[in-house]
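Residue numbers (the working numbering): 1024 to 1952.
Heads up, the thing below is written out as structure tokens.
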Amino acid sequence: MNAKEPQLCWLTDPTVFAVNRLDAHSDHVCYRTPEEAAAGRSSLRQSLDGEWRFAWSKCPAARPADFWREGADLSAFGAIRVPGHIELQGYGEVQYTNTLYPWDGRAGLRPPQIDWDHAPVGSYVKEFTLEEGLRGQRVCISFQGVEQAFYLWCNGVFVGYAEDTFTPSEFELTPCLREGVNRICVEVHKRCSASWLEDQDFFRFSGIFRPVYLYAKPKVHLADLWLQAGLERDNTTATLTPRIKLEGQTRGAAVHLRLTDGEGCALYDGPVTGDTLELQGVQPWSHATPTLYHAVLTLADAAGEVQEVVPYDIGFRRFEMIDGVMCLNGERIVFNGVNRHEWNAEKGRAIGPEDMYAAIEVFRRNHINAVRTCHYPDQSLWYDLCDQNGIYMMDEANLESHGSWQKLGAVEPSWNVPGSLPEWRGCVLDRARSMFERDKNHTAILIWSCGNESYAGEDIQAMSDYFHAQDPGRLVHYEGVFHNRAFDRISDMESRMYARPWEIRDYLESKPAKPFILCEYMHDMGNSLGGMESYIRLAEEYPQYQGGFIWDYMDQALWHTDACGRRALGYGGDFGERTTDYNFSGNGIVYADGAEKPAMQEVRYWYAAPAARAAQDARNAAAARAADEALAAQWQARPAQPLAVVEGDGNLGVKGRGFEVLFSYTEGGPISLRTGGTEWLWRAPRPALWRASTDNDRGCGFAQRSAVWLAADALAKAPRPEILEMSEQQVALRYRFDLPAVPDAGVEVTYTVESRGALKVEAVYHGAPDVPELPCFGVRFQTADPVAATRWTGLSGETYPDRYKGAEFGCWEETPRIEPHLVPQDGGVHMATRRAVLQQRDSRGRTAAALELQSCGAPFAFSALPNTAQELEAAQHPEELPATGRTNVTVLGAVRGVGGIDSWGTDVEEAYRLDGAQDYTVAFRLMLN
1024 MNAKEPQLCW LTDPTVFAVN RLDAHSDHVC YRTPEEAAAG RSSLRQSLDG
1074 EWRFAWSKCP AARPADFWRE GADLSAFGAI RVPGHIELQG YGEVQYTNTL
1124 YPWDGRAGLR PPQIDWDHAP VGSYVKEFTL EEGLRGQRVC ISFQGVEQAF
1174 YLWCNGVFVG YAEDTFTPSE FELTPCLREG VNRICVEVHK RCSASWLEDQ
1224 DFFRFSGIFR PVYLYAKPKV HLADLWLQAG LERDNTTATL TPRIKLEGQT
1274 RGAAVHLRLT DGEGCALYDG PVTGDTLELQ GVQPWSHATP TLYHAVLTLA
1324 DAAGEVQEVV PYDIGFRRFE MIDGVMCLNG ERIVFNGVNR HEWNAEKGRA
1374 IGPEDMYAAI EVFRRNHINA VRTCHYPDQS LWYDLCDQNG IYMMDEANLE
1424 SHGSWQKLGA VEPSWNVPGS LPEWRGCVLD RARSMFERDK NHTAILIWSC
1474 GNESYAGEDI QAMSDYFHAQ DPGRLVHYEG VFHNRAFDRI SDMESRMYAR
1524 PWEIRDYLES KPAKPFILCE YMHDMGNSLG GMESYIRLAE EYPQYQGGFI
1574 WDYMDQALWH TDACGRRALG YGGDFGERTT DYNFSGNGIV YADGAEKPAM
1624 QEVRYWYAAP AARAAQDARN AAAARAADEA LAAQWQARPA QPLAVVEGDG
1674 NLGVKGRGFE VLFSYTEGGP ISLRTGGTEW LWRAPRPALW RASTDNDRGC
1724 GFAQRSAVWL AADALAKAPR PEILEMSEQQ VALRYRFDLP AVPDAGVEVT
1774 YTVESRGALK VEAVYHGAPD VPELPCFGVR FQTADPVAAT RWTGLSGETY
1824 PDRYKGAEFG CWEETPRIEP HLVPQDGGVH MATRRAVLQQ RDSRGRTAAA
1874 LELQSCGAPF AFSALPNTAQ ELEAAQHPEE LPATGRTNVT VLGAVRGVGG
1924 IDSWGTDVEE AYRLDGAQDY TVAFRLMLN
């Protein structure tokens, strides 16, 4: 659409989404000379990033409507950084919401309406003088990303209007420019009809959040480029069809192509004629061998003078469906993938190159071979990095209208957009076209995705038809047909979210026509990612199961100053916004600061090759056997020393060489354990019957169903102990705990002081019918002083029954800490432990005292945390946890898995639950000298 005068009504008209906007094109960079191309610096581009003048308004009626006019009074304007979000620079409100639209319950709207009284506007002004390399040529402006709609003026002249937050919008400025200082004015609107199409599960921002630059077009310009690369079935013969679009003085112009390999040897060096080139001896592109070839196109005018030089790296690969299986270069492909939002805890989605380089390193380190650009196209550099590193891409259009068809989990599409509504078809097709045209040269893209969670209808069908017509060399994805099978033909593959392993198995057993992928799985909210093995095994059993994409890469949280003046990571609701979905934005395999979560070792293991996994398993088994043998030999070699017993009125004391244990008749266990003069106990140990609930526990209702164990853990009480034996060889006492909240169940803890200098602890849980499932069972004690470090022999990192195979067996050390999940929860468990040493250190960091725990019989699990389960349960942020100066040590014989199928309904897999009717035991020794 073209127009000379702007209209405010465009904001609520879905048929108006681009006014005077230039056609979308490939993301190539034009350089003036070969030397510029080699250096990566183009004199044909001029960045406008930096400080702009700015004014924020609550609604359109309050905006400075004439700020674009020449001579307008801008004295009330402040400053803002571009690129950057308006809301993160002191203007407006930060808001996180998942499926509900931001205005839900505050304005009774239906598409394409907006609340005109609460529709913020940002007014931007930038002055510039054209740099030498742009003068005397046609000049355009490129906005790489503006959220969500904007009007543009240059020197008082209306230039254009655009929507679509995540693809470039470009405009011709040449008629408006003048010598000297020029002024552009941009009016950004947070609300428009497009708001109904951008209901992604993320923080809702606005503003110019991606780079802005000017670029010049010489007398003849390479406007669009598609290097259509193919690979023949012999996997060594390639085809290349350069499709070039020129603008300007095209008569007599010529384009020369030089294509070289990594050694600089030319595969082709000649003119671009429009014919398909056949190339011999190429190396196919894949994750294992991401071989790229360097193309340089040189555009010369009719006189032979070079006007532009365009470099582009391409790979040769063949992606196709063979007998219902997706294949790359003739071989079945499995996506070991992750969904990735663009995110930085300081800058939101206004990320920089350093964020992308860091993410690629995490991918490489952890065997991640695929990424879904959820749920919008990313910055172009990310595609370059995926090309270079062999990361398979599902490139997803900027479309999600979740709140228009699914309300509180129920499918109700009565006013779904875009659906089959003709007035919405043009704008969603434009989003597909803009993504395709920009990204079409990227070898890494194997699949085009029509968007996310927008139900299905003729409009999304039109997007799929467009992709298929334009690019038969790639497949098309859309998960939403799962909810509307009338449009099953939209997607070339069966795609689902968070399907349970047994549901996938049912599909694969039905001899389906389409392969299966999980566009989202393993919801990594908080302490999660348990049960990943069940999905990986499907890929080993069924050729048509072709992997999935973990949800998701990084926690979405923002650094801010909390109500107590502390620097903290904030999630939904921490910024005063409502409606919100609180910490549901924290689902990453890395924290918001980029640090890997403990579950990452599980990703690294299951995304590795089967041979690598088998080798790790063998190493672990051998190391565990060696540890068991060493532990048994050490115990047998310990000398026995006679014990001394002191019977008091309220306590029973046992003394040995270098230690003393004091058992209370009223406190339910030993109240003092001294070794080498150091007191280790704050209070008597108690049965461990509760762990702080995880996000998954709360989401599936486990914490509510089993809440009686929280009371049992806190209120268990034992009467006077039974003395089982009292001699110089050993002293044994048994405490029987009553559980007031669960009277039919019970716990016995037996302590045996052994003459070899150890306190053996044996605990038994006696189950009962109709008792809720347990979170855990073991023994827990608090140290009198904080533990500076724990060293253990067992599995590395944090492990649980459904998330331990990625760990390596060995000797490890850590400082007791609470994992910094957005909401505090259980963590720090170490499975298959043979021994653990609690260390206290002096001011110089030297070990001042140590207490060793050893397995006796079966290995144990343990954690050493600075807070109790109850303290963790009560806190909503890590900063709310108290500093007690004690360490909570929990030794477990049984613990519930963490799960990960989803975080809102599906329980931990049955094999990793603890039946309250069964008995459980734990046994370990505390070494006293």
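The beta-carbon is built from N, C-alpha and C at its ideal position, and this holds for glycine as well.
Predicted, not measured: the structure shown is a model, and the values here were computed from it.
Item, Value
"Three-state secondary structure (DSSP) of Pro-1524", "helix"
"Other residues of its chain near Val-1794: CB distance less than 7 angstroms, five sequence neighbours each side excluded", "Val-1765, Asp-1767, Ala-1768, Gly-1939, Ala-1940"
"Near the ligand ADP: Thr-1870 beta-carbon under 7 angstroms from a heavy atom", "Among the ligands in the structure shown, none appear at all, so the ligand ADP cannot be discussed."
"Option nearest Asn-1464 by Cα separation, candidates Val-1052, Ser-1886, Cys-1879", "Val-1052"
"Cβ of Ala-1764 within 8 angstroms of any chain B Cβ", "The chain labelled as chain B is not found in the depicted structure, where only one protein chain is given."
"Per DSSP, cross-strand counterpart(s) of Phe-1226", "Tyr-1119"
"Residue span of the beta strand (DSSP E) that contains Gln-1877, given as start and end", "1870-1878"
"Ser-1070 - DSSP class collapsed to helix/strand/coil", "strand"
"Cβ neighbour criterion (16 or more within 10 Å) applied to Met-1349", "buried"
"N- and C-terminal bounds of the beta strand (DSSP E) containing Gly-1145", "1144-1152"
"Rounded straight-line distance, which links the Cα of Val-1209 to that of Phe-1189", "17 angstroms"
"8 angstroms Cβ shell around Val-1931 - same chain, five flanking residues per side excluded", "Gly-1553, Gly-1554, Asn-1719, Cys-1723, Phe-1725, Asp-1825, Arg-1919, Gly-1920, Val-1921, Gly-1922"
"In chain order, each alpha helix (DSSP H) run of at least 4 residues that lies wholly inside the segment 1481-1545", "1481-1493, 1524-1532"
"Delimiting residues of the beta strand (DSSP E) encompassing Ser-1192", "1192-1195"
"Proximity winner among Asp-1482, His-1853, Asp-1046, Pro-1633, relative to Ala-1622 (alpha-carbon distances)", "His-1853"
"For Gln-1429, three-class secondary structure by DSSP", "strand"
"Ordered list of alpha helix (DSSP H) runs contained in the segment 1025-1087, each at least 4 residues", "1057-1062"
"Nearest candidate by alpha-carbon position, reference Ala-1897, set Ala-1715, Arg-1869, Arg-1728, Glu-1419", "Ala-1715"
"Segment contact, 8 angstroms Cβ cut-off, at least three pairs: the segment 1809-1817 with the segment 1775-1791", "no"
"Inter-stretch contact at 8 angstroms, needing at least 3 Cβ pairs: the segment 1273-1293 / the segment 1361-1377", "no"
"Burial state of Gln-1657, where buried means 16 or more other Cβ atoms lie within 10 Å", "exposed"
"Option in Gln-1171, Arg-1857, Glu-1301, Gly-1549 with minimal Cα separation from Asp-1849", "Gly-1549"
"Nearest-angstrom Cβ-Cβ length linking Leu-1685 and Gly-1691, presumed shorter than 8 angstroms", "No, Leu-1685 and Gly-1691 are not in contact; Cβ-Cβ is about 13 angstroms, not under 8 angstroms."
"Contacts around Asn-1421, its chain only, beta-carbon distance under 8 angstroms, and the 5 residues preceding and following it disregarded", "Asp-1187, Thr-1188, Phe-1189, Thr-1190, Leu-1220, Glu-1221, His-1398, Tyr-1399, Pro-1400, Arg-1454, Met-1458, Gly-1474"
"Backbone CA spacing between Gly-1338 and Pro-1566 [nearest angstrom]", "26 angstroms"
"Range covered by the alpha helix (DSSP H) that runs through Ala-1102", "Where Ala-1102 is concerned, there is no enclosing alpha helix (DSSP H), although the beta strand (DSSP E) it sits in stretches over 1101-1105."
"Beta-carbon proximity of Glu-1202 to Lys-1240, cut-off 8 angstroms", "no"
"CB-CB length for Leu-1861 against Leu-1592, believed under 8 angstroms", "Not a contact, Cβ separation roughly 30 angstroms."
"Element boundaries [beta strand (DSSP E), containing Asn-1911]", "1911-1918"
"DSSP three-state assignment for Ser-1403, whether helix, strand or coil", "helix"
"Buried/exposed call for Ile-1207, threshold 16 Cβ in 10 Å", "buried"
"C-beta contact flag for Arg-1858 and Ser-1886 at 8 angstroms", "no"
"First and last residue of the uninterrupted alpha helix (DSSP H) at Val-1385", "1376-1388"
"Where the alpha helix (DSSP H) through Arg-1454 begins and ends", "1445-1462"
"Length of the line joining the Cα atoms of Val-1613 and Arg-1363", "11 angstroms"
"Residue from Phe-1100, Met-1379, Arg-1129, Ala-1645 with nearest C-alpha to Val-1148", "Phe-1100"
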